[in-house]
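The structure under discussion appears below in the form of structure tokens.
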Amino acid sequence: KAGVTQTPRYLIKTRGQQVTLSCSPISGHRSVSWYQQTPGQGLQFLFEYFSETQRNKGNFPGRFSGRQFSNSRSEMNVSTLELGDSALYLCASSYTGTSGRSSYEQYFGPGTRLTVT
Amino acid sequence: AQKITQTQPGMFVQEKEAVTLDCTYDTSDQSYGLFWYKQPSSGEMIFLIYQGSYDEQNATEGRYSLNFQKARKSANLVISASQLGDSAMYFCATWSGATNKLIFGTGTLLAVQP
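These protein sequences, in sequence, are chains A and B.
Under the numbering used here, the first residue of the first sequence is numbered 8, with each subsequent residue one higher.
Under the numbering used here, the first residue of the second sequence is numbered 22, with each subsequent residue one higher.
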């Protein structure tokens, strides 16, 4: 079974630009979560999507947004990039049962390393 | 609110020796889970081991074991017979069932020396 894939793996953008990152979950997984990892703040939860709906959201400004498609693939978008947005962005997928409850077993992708100059 | 504390920013261990990475947690949930992830320099988070709060026995996965002491709210990771490939960042985390998210500690950088 293929793992979680993220594209692109590396990205360099300029302040003020916007960026879109993509995540393809493991086949059969319908929940996709996004995390930001920085040296200063560590690993922080951005949001979780399930069945094309944002189900949970972390404490990030509105410049950070996301969406999920019917095939469970997810994208996250950051508008008006700031230097502080430079980070490793990790996507994780998990299985969700018919009750809508997601498994705690999160499978992570390799991440997208974003550098803002 | 849940919180994970890892007090060791970095650790050294000799190859083939055992090493313990510390983790304490704080949660108001009655039922919770504790995790350890390994993150090599490539960036990917690799799941190592899981302990449920109601599991009476300590979890083990190959060379990894989790020393779970509920009363002390600690969930230390023990790596036996360290290998050079174990050099990486190690994160302790807990799962928030209410918000479907992992809450991570700050991590411990482990360096295995030959």
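Cβ coordinates follow ideal geometry from the N, Cα and C atoms, glycine included.
A quick note: this is a predicted structure, and the numbers were derived from the prediction, not measured.
A straight line joining the alpha-carbon of A:E82 with that of A:S34 spans about 16 Å.
Classified as buried, A:D92 has 16 or more neighbouring CB atoms from the shown chains inside 10 Å of its CB.
Proximity to A:W41 across A:L18, A:V123, A:F67 peaks at A:F67, based on C-alpha coordinates.
In the three-state reduction of the DSSP assignment, B:D50 falls in the coil class, being assigned neither a helical nor a strand state. A contact is defined here as three or more CB-CB pairs under 8 Å, and the region 65 to 75 of chain B fails this definition with respect to the region 37 to 47 of chain B.
The contact set of A:N78 on chain B, defined by CB atoms closer than 8 Å, is empty, because the minimum CB distance reaches about 20 Å. An exposed status is given to A:E59, since fewer than 16 other beta-carbon atoms sit within 10 Å of its beta-carbon. From the listed residues B:A92, B:S101, B:Y58, the smallest Cα separation to B:E77 is found for B:A92. For the region 60 to 83 of chain B, the set of residues with a beta-carbon nearer than 8 Å to any beta-carbon of chain A comprises S63, G64, E65, M66, I67, F68, Y71, in chain order.
When secondary structure is reduced to three states using DSSP, B:G31 falls in the strand class. The beta carbons of B:T127 and B:M32 sit no closer together than 8 Å. B:A96 and B:L55 have their alpha carbons spaced roughly 7 Å apart. Segment contact: the region 26 to 40 of chain B against the region 8 to 18 of chain A, fewer than three CB-CB distances shorter than 8 Å; contact not assigned. At least 8 Å separates the beta-carbon of A:T124 from that of A:F57. At a cut-off of 8 Å between beta-carbon atoms, B:K91 makes no contact with chain A.
Not one beta carbon of chain A lies nearer than 8 Å to the beta carbon of B:L105. Looking only at B:Q104, B:K24, B:K59, B:N88, the smallest Cα-Cα distance to B:Q134 is reached by B:Q104.
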